[in-house]
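Numbering (this note's numbering), first residue to last: 17 to 151.
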């Protein structure tokens with residue numbers, strides 16, 4: 017019995033340390049990614065913008081500041097799908113017959129032949145009718 021409890025405690029401790037080190041690694045990886053992204057943005061800016069638009073050369077922190085400002089002005093720091101509830105998306109598709117849509121694709125093999133035989137003529141007639149109505 018003691019070995020069983022010791023095994024359980026050891027397993028939980030290993031799981032805790034493994035998940036702890038994963039979190040630490042992910043934080044460090046995210047910081048490195050953000051630093052490299054800012055550095056890459058600075059390099060691209062300093063390579064293109066002064067020559068193309070005559071803008072000044074940026075330091076690293078100015079480039080990061082521009083990225084943060086752009087994110088604040090044009091984006092948000094929230095996840096993309098949290099505002100949509102599952103019930104709203106279900107309501108939109110509740111009455112839709114998905115089998116009908118799937119079966120409609122089988123008709124596409126005849127589309128090219130139809131367009132060559134009748135489609136262009138029918139479309140030209142449609143355009144002529146609309147032009148007469150507008151005049």
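The beta carbon of each residue, even a glycine, is placed where N, CA and C say it ideally should be.
- For the region 27-104, the continuous alpha helix (DSSP H) assignments of 4+ residues that do not extend past its boundaries occur at 76-90, in sequence order.
- Here the region 52-64 lies against the region 73-83, with 3 or more beta-carbon pairs under 8 Å apart.
- Per DSSP, the unbroken alpha helix (DSSP H) holding residue 144 starts and ends at 136-150.
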